[in-house]
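Residue numbers (my numbering): 8 to 454.
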């Protein structure tokens with residue numbers, strides 16, 4: 008589920024990784040003991056103490072993203088607030104906020120996706136209270152003028168136009184719009200272009216958006232590193248305890264079942280080799296949903312770097328530049344993506360045929376048991392090897408925590424991986440990889 012490979016260092020770190028796994032105990036894979044507490048105002052706090060030479064990762068996660076933008080003409084505001092949150096407050100204006108962060112030797116960053124908006128800093132443990140003061144202040148008392156709002160809205164539109172020059176963004180945007188006809192996953196985190204253009208005129212609406220979603224009962228703090236749980240929770244109560252609850256859940260429409268294949272051609276104004284993107288409808292993420300977990304294993308067996316189709320099309324015939332496949336981890340029913348860029352514009356249909364043949368093969372016969380066993384081991388070790396610094400721990404956990412609302416799903420997910428059978432993998436191919444539930448996009452650039 009959107010993971011990066013780490014096989015090059017597997018042999019070097021194997022012994023240490025096995026020790027970490029053993030330390031988890033009780034069937035758990037996560038090797039640290041989290042402390043979870045919910046304040047009276049609904050703010051959920053997850054603290055993960057770990058030895059880290061005085062380093063701490065401080066993540067504030069808003070459980071709202073493109074998914075929450077259900078009002079017509081109002082897409083892109085979750086991403087817009089990623090920008091506005093750096094405008095400052097009356098107590099800590101933008102220049103003062105930036106000065107404090109710089110003097111710490113830290114770097115404040117953020118990102119927006121379909122299901123969450125996250126803000127994060129990597130800091131020294133000694134700076135934790137000051138970080139908590141400035142972060143809690145901007146989340147509760149963000150202040151910006153209408154001229155500043157208009158200026159930033161223009162910058163956001165510039166960012167959209169820059170992204171649109173990337174052919175992969177262009178096809179990603181188009182296939183989501185085609186795959187979802189009702190649900191808010193039909194637009195990217197950037198929003199629809201026509202809505203972004205109108206943002207400078209929506210100052211009053213922006214205040215409403217902030218008031219609805221930036222509330223403690225819709226936000227989670229994830230703090231990882233050299234910390235004392237008792238002292239840290241005292242600070243959390245001091246700086247966040249008086250924040251008033253008031254989250255207003257979005258009225259996200261349910262997507263009706265797709266009953267026929269959809270095909271689109273994406274016109275791209277620049278030069279690009281053809282991009283083929285095939286996406287199938289999936290269930291929402293549930294760490295104990297064996298069908299979905301089996302599908303994640305399936306897609307890696309069928310289209311990963313050890314698969315027959317990868318060897319044939321990427322290595323032997325060199326017809327395509329790469330082949331990627333992912334099951335998206337979403338709060339509502341998401342997508343399973345298979346995508347590639349094709350070197351020969353005349354071979355788009357050939358590559359799609361090979362994808363279809365691969366799907367049929369996994370529907371008709373079980374996968375290789377040895378490869379499934381190896382895949383399970385690799386996923387486990389990749390995850391554990393990514394837990395060596397506070398920021399890497401936080402970034403590994405952020406999405407699953409935001410989507411599910413807790414850290415419990417981490418151990419549940421890897422426990423599910425461990426027990427999935429070959430039969431379940433085959434059944435997942437028949438359940439999800441059906442033509443009536445897919446959308447196929449082909450992007451072609453200027454010849």
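Even glycine gets a Cβ: it sits at the ideal position worked out from N, Cα and C.
Predicted, not measured: the structure shown is a model, and the values here were computed from it.
On the criterion of 16 or more Cβ atoms from any shown chain inside 10 Å, does residue 447 qualify as buried, or is it exposed? buried
Would you be able to state if there are at least three C-beta pairs under 8 Å between the segment 73–90 and the segment 185–204? Contact check between the segment 185–204 and the segment 73–90: three or more CB pairs, one atom from each, fall below 8 Å, which counts as touching.
Given 8 Å, three or more beta-carbon pairs between the segment 273–292 and the segment 346–364: yes
When you compare each of 135, 123, 316, 50 to residue 357 by their alpha carbons, which one comes out closest? 316
Helix, strand or coil for residue 56, going by three-state DSSP, please let me know. strand
State buried or exposed for residue 77, treating a residue as buried only when at least 16 other CB atoms are found within 10 Å of its CB. exposed
Rounded to whole angstroms, what is the Cα-Cα separation between residue 334 and residue 303? Roughly 6 Å between the two C-alpha positions.
Can you name the start and end residues of the alpha helix (DSSP H) that residue 141 belongs to? It spans 135–148 - the alpha helix (DSSP H) in which residue 141 sits, taken as one unbroken run.
Just list the beta strand (DSSP E) runs in the segment 246–299, keeping only unbroken ones of 3 residues or longer that don't cross its boundaries, in chain order. Segments of the beta strand (DSSP E) lying fully in the segment 246–299: 269–274, 282–288.
What's the gap between the Cα of residue 313 and the Cα of residue 376? 14 Å
Quick one: is residue 322 buried, meaning 16 or more other Cβ sit within 10 Å of its Cβ, or exposed? Counting Cβ neighbours within 10 Å, residue 322 comes out exposed, since fewer than 16 surround it.
Checking 9 Å against the spacing of the C-beta atoms, do residue 423 and residue 295 come in under that value? Taking 9 Å as the cut-off, the beta carbon of residue 423 is found closer than this to the beta carbon of residue 295.
Write down the C-beta distance between residue 121 and residue 192 rounded to the nearest angstrom, noting that I regard them as a contact closer than 8 Å. That pair is a contact at about 6 Å.
Do you know offhand how far residue 324's Cα is from residue 437's? 28 Å
Taking residue 105 as part of the alpha helix (DSSP H), name the residues at either end of that continuous run. 101–111
When you compare only the Cα positions, how much space is there between residue 1 and residue 246? Coverage of the chain is limited to positions 8 through 454, which leaves residue 1 absent and any answer about it impossible.
For the alpha helix (DSSP H) containing residue 402, list its first residue and its last residue. 397–411
With a threshold of 7 Å on Cβ separation, who are the neighbours of residue 167 within its own chain once the five nearest residues in sequence on each side are excluded? So the qualifying residues of the chain are 197, 200, 203.
Where do the N-terminal and C-terminal ends of the beta strand (DSSP E) with residue 367 fall, by residue? No beta strand (DSSP E) holds residue 367; the alpha helix (DSSP H) holding it covers 355–371.
Mind checking whether residue 305 and residue 435 have CB atoms under 9 Å apart? Taking 9 Å as the cut-off, the beta carbon of residue 305 is found closer than this to the beta carbon of residue 435.
Please classify residue 412 as buried or exposed, where buried requires at least 16 neighbouring CB atoms within 10 angstroms. exposed
Beta-ladder partner(s) of residue 42, from DSSP: 54
Tell me which residue opens and which closes the beta strand (DSSP E) that residue 131 is part of. 124–131
CB-CB under 6 Å to residue 255, same chain, minus the five flanking residues each way: which ones, in chain order? 219
Consult DSSP for residue 216 and reduce its assignment to one of helix, strand or coil. If DSSP states are grouped into helix, strand and coil, residue 216 belongs with the helices.
What does the alpha-carbon distance come out to for the pair residue 60 and residue 134? 14 Å
Best match in 224, 54, 443 for proximity to residue 147 [C-alpha to C-alpha]: 224
Close-in-space but distant-in-sequence residues of the same chain around residue 418 (CB under 7 Å, 5 per side omitted): 35, 36, 37
Quick one, which of 106, 118, 331 has its alpha-carbon nearest residue 138's? 106
By Cβ distance, which residues of its chain are closer than 7 Å to residue 452, with the 5 residues on each side in sequence left out? 174, 275, 277, 278, 279
What separation, rounded to the nearest whole angstrom, lies between the Cα atoms of residue 231 and residue 408? 14 Å
According to DSSP, residues forming a beta bridge with residue 348: 282
Excluding sequence positions up to five away, which residues of its chain have a Cβ less than 6 Å from the Cβ of residue 150? 96, 97
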